[in-house]
Each structure stands twice: as C-alpha cells, then as structure tokens.
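Taken in sequence, the protein lines are chains A and B.
Using the working numbering, the first residue of the first sequence is number -15, and each one after it goes up by one.
Using the working numbering, the first residue of the second sequence is number -15, and each one after it goes up by one.
Number of protein chains: 2
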Amino acid sequence: MSELRKRALIGAALCEIAERGSLDVTVAQIAGRAGVSAALAHHYFGGKEDLILATMRHLLAEFSSVLVSGLREAPDPRARLTAIVRGSFGREQFHHATISAWLTFYAKALSSEVAAWLLEIYQRRLNSNLVHALRALVPGKDAVRIAESTAALIDGVYLREALKGVPSTPESAIAVIERHIDLEIRAVQA
Amino acid sequence: MSELRKRALIGAALCEIAERGSLDVTVAQIAGRAGVSAALAHHYFGGKEDLILATMRHLLAEFSSVLVSGLREAPDPRARLTAIVRGSFGREQFHHATISAWLTFYAKALSSEVAAWLLEIYQRRLNSNLVHALRALVPGKDAVRIAESTAALIDGVYLREALKGVPSTPESAIAVIERHIDLEIRAVQA
DNA sequence: TGATTGATTGACTAATCAATCAATAGAGGT
DNA sequence: ACCTCTATTGATTGATTAGTCAATCAATCA
C-alpha cells in the first residue's frame, strides 16, 4: 500500500503542478487528486517539501531511464548523439504539462539547495553523455565546447516550448538540435 | 514622490525576488527593503500582483532600451547581430541576481496571463530584430530558422547561467552565441 | 490661520495552508 | 476474544500574509 500511495501522490503532484504552472500547489489539492486526505500525504512523505522533491526525482529518474535505453540501442557515436537529443524531447510525452513541470523545477532550483543539487546531477549526466559521444568524432577540447552549447540549446528550445501555449511535435525541436550538432562537427572536421 | 516611491519599490522587489530566487516574496519584505510600510506599496500599486508585473515590465523595458541603443550604433547587419547578442548578455549587469529574476518571471508566465503576454512581446521583438538583421545576410527562410535557434540558444545559455552558482563573465556566453550565428550563416552561404 | 490634499503608517481582518494529533477501522497473528 | 500494526481521516492549531482602514503627519494653498 505504501508504494502504491506514494506513486499515486507523486503522479497527482505532477499533474497539479503542470496544470497550475506553479509550485504553489497545496498538499490538499495534490492529495485530493490522488483520492486521499492531505494528512495521508504528510504521513507518507513527512512534509510538503519532501513530496515535491520526490516528484522532481521521479521526473529526473524517468528521463534518465529513457536516455539509457536510447543510448543502448545506438550503434555509433553519431547515433548516440541523436539518441540523447531524441531522449531529451521524447521524455514520456512531449506534453505541455510535463514541460511546464520541468520549468517549474528549474525555478525551484534557484531557492532550494536540494533541488539545485538534483538538477545539477541531471545536467552533469547529460553533459557527460554528450561529451563522451562527441569525443569519438572531434578532438576533446571541441567535444567539451560543443557539448556545452548543445546542452544549452536543448534547454533553450525546451524552455520556449514550455511558454508556447500550443503543443507541437518534437520533430521540429529535434531538427534544430541535430542541425546544430552537424554544423559544429563539420566545422571542426573541415 | 509618487514616481520616486514606485521606482524604489520596483527596485526593492527586484532585489528581493532575485535574492530569494522566487516570487514568494511578501509585500512586507519588499516594502521593508524600500524603507516604507507594506500599506504604502498597496497604496501605490493596488495589489501585490500589480507590483510584481510592474517589476517585470521594468526589467523588459530596461532590456529593450539597451537593445535599441546597441542597435543604433551597429554599422552593418552582422554588427547588428552582435549588438543583439551583447545586449542580451549585458543587460544592466550580468549579475546572478538579475538572471534569477528573469527565470522567475519565465516561471510566472506559466500561470499568469499577463506575464505570459509581456514575455511574448519581448520574445517577438527579439525575434523580429534577429530576423531583420539576418535577412540582409541569408535568404528569408533561413533567416527565420536561424533567428529561432539563436533566440533559443540565448535563452538556454542564460538559463544555465542562472542555475550556475558562481558568477562568470558574459564573454564566454557571448562567444557561444556568436559562433553559432557564424556557423549557420556560413553553412547557408556555402 | 485654516483648509485641503497627498503621504504614510500601525492595527486589524480574513483567508489560506502546512503540519499535528487523536481517533477509527481493518487485517493478521496469538 | 485480544492485541498490534498499518492505513486513514476529520478536526484543529499556529503561522503567514494580502488587503483594508482609520488616523496621523506634512506641505501647499486660500
């Protein structure tokens, strides 16, 4: 029962945060959506902060698993890069709701030590994956630089997607990133 | 006195928001920093929401004026692009505080109609400036595409700067964007 | 001087919400 | 039947905070 309720509460928190576009969600709202009382949320998570952080961890873990499974199937370095890009824009759904939740967590990282720490781990892992794949294609120094700009571009495109009211397909977003990678690699190799 | 107090309150709100890394600032905190009572803030702005939005407008207006003056001095299209990039990363200060405030406003745009509208105006203007400068260098269709990816890259780099605890110089950030622009232009012209 | 007006505040209200707690219910074991 | 542990909740508390209001203060003007 414990795990079941925790999962339900995390899912409800995700929905509520995304729907309201803010971390100003009450425990009662989350619990209500999960079909339980607010007191139960406290029982299982200790406090609101822990529930929010658990939700964040869930999102990060989910992305991580998508990334790992994508990378496993990539045959060569360039395909690994594509896997990372597609993973970044294919996380569960490319839904406005999920993207909103991410942006909200980014904002939280400004004021929460733990949230910042969690995001840093995600960023480091993304960066390390990019660098690793790039090293097979360009000199090490360039790999680091290209990884950095690519990661920033991913975040930027993601951010703009969050603010865009209408949902769109990930394909156009992916194309932007892919082109950037291609241009950078070609520029170095030329 | 009216204008003086309003300016002081907006400045205080900016500081408070940036320092706490969140829009969860109380009217009392802002007013206290401005050296007045909370009641006065209500007197001048009507409500908390209006004060926050006025602060947002201030930030946007400030950026806009920096951009305009930078563009006026640019002798050719490529210099105009550089002016836009430098303006984006030279807004008043490249301070962690200011960047934090921007990210916080981005998050607010998810839940506030007016905030979203304000940000959209800023984005549209930035985009239009980029497209206009690019049209002199590449075909129209490419100009639109490059403007889009450049704007996203600017936002992405800015975002990462916000989360980075340590402050850094804008030069490295500017270099990333400039390189992206150069690569894109060269790829089209080739 | 006396009146008017704007600036300013302290005190108050009403609402919200996280967190706590005591109490109930049910399952499983003895 | 009795105990024990977990799940669950309604009620309550304590803290926070936006917004209001009546009262004061200061300057300007008639």
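Built from N, CA and C at the ideal position, the CB exists for glycine as well.
Bear in mind the structure is a predicted one, so any value in this text is a computation, not a measurement.
Pull up the distance between the alpha-carbon of residue i and that of residue j, whole angstroms please.
i	j	result
Ala25 of chain B	Ile36 of chain B	11 angstroms
Gly149 of chain A	Asp60 of chain B	35 angstroms
Glu162 of chain B	Ser21 of chain B	46 angstroms
Leu44 of chain B	Ile130 of chain B	23 angstroms
Gly112 of chain B	Val52 of chain A	Checking the displayed sequence, the identity of residue 112 of chain B turns out to be Ser instead of Gly. Each residue's Cα considered, the two are about 39 angstroms apart.
Ile83 of chain B	Val122 of chain B	32 angstroms
Ala146 of chain A	Thr39 of chain A	18 angstroms
Ser95 of chain A	Ala120 of chain B	43 angstroms
Gln77 of chain B	Val50 of chain B	11 angstroms
Leu103 of chain A	Leu87 of chain A	11 angstroms
Ala(-4) of chain A	Arg144 of chain B	29 angstroms
Ile99 of chain B	Phe89 of chain B	Per the sequence shown, the amino acid found at residue 99 of chain B is Ala instead of Ile. If you take the alpha carbons of Ala99 of chain B and Phe89 of chain B, they lie about 7 angstroms apart.
Ser156 of chain A	Val69 of chain A	12 angstroms
Asp126 of chain B	Gln173 of chain B	10 angstroms
Leu114 of chain B	Ala63 of chain B	11 angstroms
Ala93 of chain A	Gln107 of chain A	13 angstroms
Val128 of chain B	Glu57 of chain A	34 angstroms
Val160 of chain B	Arg41 of chain B	28 angstroms
Val9 of chain B	His116 of chain A	42 angstroms
Tyr142 of chain A	Tyr142 of chain B	13 angstroms
Ile169 of chain A	Ile169 of chain B	15 angstroms
Ser152 of chain A	Gly124 of chain B	23 angstroms
Arg(-11) of chain B	Ala23 of chain A	44 angstroms
Glu132 of chain A	Glu132 of chain B	19 angstroms
Trp101 of chain B	Glu46 of chain B	17 angstroms
Ile158 of chain B	His79 of chain B	15 angstroms
Glu97 of chain B	Gly16 of chain A	26 angstroms
Leu118 of chain B	Leu118 of chain A	29 angstroms
Leu65 of chain B	Leu65 of chain A	29 angstroms
If the criterion is Cβ atoms closer than 8 angstroms, does the pair residue i and residue j meet it?
i	j	result
Ile165 of chain A	Thr134 of chain A	yes
Asp139 of chain B	Gly5 of chain A	no
Ala18 of chain A	Leu(-7) of chain A	yes
Tyr28 of chain A	Ser(-14) of chain A	yes
Ala91 of chain A	Glu3 of chain A	no
Ala67 of chain A	Leu(-2) of chain A	no
Leu137 of chain B	Leu137 of chain A	yes
Ala171 of chain A	Leu7 of chain B	no
Pro154 of chain B	Gly31 of chain B	no
Ile178 of chain B	Glu0 of chain B	The displayed coordinates of chain B run from -15 to 174. Any statement about residue 178 of chain B would go beyond what the structure contains.
Ser48 of chain A	Arg(-9) of chain A	no
Give the residues of chain A in contact with residue i, contact being defined as C-beta atoms less than 9 angstroms apart.
i	result
Val160 of chain B	Arg129, Glu132, Ser133, Ala136
Name the chain B residues whose beta carbon is nearer than 7 angstroms to that of residue i?
i	result
Asp139 of chain A	Gly140, Leu143, Arg144
Gly5 of chain A	Leu94, Ser95
Ala171 of chain A	Leu167
Output, in chain order, the set of chain B residues within a Cβ distance shorter than 8 angstroms of residue i.
i	result
Ala100 of chain A	Leu147, Gly149
Thr88 of chain A	Ala91, Leu94
Ala81 of chain A	Simply none; closest approach about 11 angstroms.
Ser84 of chain A	Leu94
Quick one: list the residues of chain A neighbouring residue i, beta-carbon separation under 7 angstroms, in chain order.
i	result
Leu114 of chain B	Per Cβ cutoff of 7 angstroms: no residues; Leu114 of chain B is ~13 angstroms from chain A at best.
Chain A partners of residue i, CB-CB under 8 angstroms?
i	result
Leu103 of chain B	Leu147
Residue i versus chain B: which residues are under 9 angstroms apart at the beta carbon?
i	result
His164 of chain A	Ser133, Leu137, His164, Leu167, Glu168
Any beta strand (DSSP E) of 3 or more consecutive residues that is wholly inside the stretch 83 to 169 of chain A | none
| Where in the stretch 28 to 85 of chain B do unbroken runs of the alpha helix (DSSP H), each at least 4 residues long, occur, reported from the N-terminal end onward? | 32 to 56, 61 to 74
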